[in-house]
Every structure is written in structure tokens, then in C-alpha cells.
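Here the structure comes first, spelled out in C-alpha cells, and everything after it is commentary.
In my numbering, the protein residues as written are 196 to 397.
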């Protein structure tokens with residue numbers, strides 16, 4: 196299974212990516228959702244921080260990054276999601292050295308060239324606003340929910356990779372820059388959608 200090369204264009208100095216070597220090996224942050232507050236939206240985050248639900252309000256989408264920054268190891272991140280009959284994005288962003296992760300001009304997960312999202316409604320992997328792989332498994336419309344698994348290979352020194360898995364089928368590998376630091380995230384696109392995240396170091 197060959198990798199999909201998704202080149203990241205040269206970044207301005209202020210947009211430089213964080214490196215794993217800038218962090219202590221044990222500094223991984225916490226796997227908790229942290230959604231920006233907005234007066235017209237109600238987004239509920241569970242007490243332990245692992246579940247987020249869009250309960251009320253109008254918006255095009257809701258950004259839901261976690262406070263984790265994974266690096267220097269192998270990880271399996273699981274997203275248990277409820278679709279509510281619409282698209283949803285789960286995946287990750289590369290952390291920035293100064294400004295944090297880049298959500299891109301349009302602001303949804305997969306809008307920037309340093310973010311990747313799996314949409315279990317359409318079966319696409321998206322980055323830089325475009326699908327780089329389609330025809331992947333979608334969730335059963337009848338149950339309207341399912342699980343996306345993200346496997347991360349993040350060497351402390353050297354290039355990394357990421358693979359999405361749904362129903363036992365894997366996406367093509369996504370090549371990541373050397374010494375990458377990854378922020379797991381979700382992007383809700385419909386009121387009533389929810390996502391529960393968990394992670395395991397392999």
C-alpha cells in the first residue's frame with residue numbers, strides 16, 4: 196500500500212510547524228475537546244472532555260480541536276461519531292510553532308494544507324479543501340453513527356504517516372513532515388452531531 200504524497204507548500208516563518216524535538220517526550224497534552232465559545236451556539240463538552248455535542252444554534256460548522264499534541268510514538272485515536280444525517284469531519288491538524296494549528300481560510304477541518312479529515316458520510320479524506328481519496332467506507336445511514344480510527348506513526352526524528360480506518364478498510368497512508376506534532380480534532384456540521392474521542396499509545 197503506497198503512500199499518498201500530499202506536499203505541504205513552504206510556510207511563512209510565523210506559520211512554521213512545531214517539531215517533536217521542541218517538546219519533552221512525555222509532553223503530549225490532554226485528549227480533551229476545547230471548543231471556542233460563541234454567543235449564538237451551544238456546544239456541550241462532557242465533564243471528562245472526551246465527548247462534544249452541538250446542541251443548539253446556527254453556524255456553518257463548529258471547530259472542535261483537542262488539547263492533545265501527539266508526537267514521538269505510535270498512536271491509535273478513535274472517534275465515535277453521531278452524524279444526524281449530514282457530513283462530519285474527524286481527523287487531525289499539524290500543530291504550529293507559534294500560532295497553533297491552521298484551520299485554513301474557510302475554517303473547517305481539512306480546509307488547510309496541514310489538516311486532514313475523514314468524512315464518514317461521503318467516504319472521503321480531505322485536505323487543502325479537496326478530496327485526496329474517495330470511495331472509502333461510509334456509515335450505515337440507518338444507524339446514523341459509527342467509528343473512525345486514526346493510526347499515527349510519529350517518529351521523534353524522521354517523517355511520519357497517518358492512516359484512517361473504517362469497517363476494517365484503511366485509507367492510503369498520508370505522509371507527514373519530519374518530527375510532526377499532531378492535534379486530533381473534529382468538525383461538526385449539523386446540530387445534534389456528537390463525537391467521542393479516545394487514544395491509545397501503541
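Just so you know, even glycine gets a beta-carbon here, dropped at the ideal spot from N, CA and C.
Please read these numbers as outputs of a predicted model, since none were measured by experiment.
query	result
In DSSP terms, what residue 320 is bridged to	313 and 328
Helix, strand or coil at residue 215 [DSSP, three-state]	helix
Residue 388 and residue 249 closer than 7 Å at C-beta	yes
Residue burial classification, residue 219 (beta-carbon count within 10 angstroms, cutoff 16)	exposed
Environment of residue 322 [buried if 16+ CB atoms lie within 10 Å]	buried
Under the three-state DSSP convention, the category residue 367 falls into	coil
3-residue-minimum beta strand (DSSP E) runs that sit fully inside the stretch 270 to 309, ordered along the chain	283 to 289
Residue 301, buried or exposed, once every other Cβ within 10 Å from all chains shown has been counted against 16	exposed
C-alpha gap between residue 208 and residue 349, whole angstroms	Any reading at residue 208 must be qualified, since the residue scores a pLDDT of 45, below 50, and its modelled position is unreliable; the value itself is stated next. Taking the straight line from one Cα to the other gives about 23 Å.
Paired residues, beta bridge with residue 228 - DSSP	261
Cβ-Cβ separation, residue 211 to residue 292 (assumed contact under 8 Å), whole Å	5 Å
Rounded straight-line distance, which links the Cα of residue 272 to that of residue 397	10 Å
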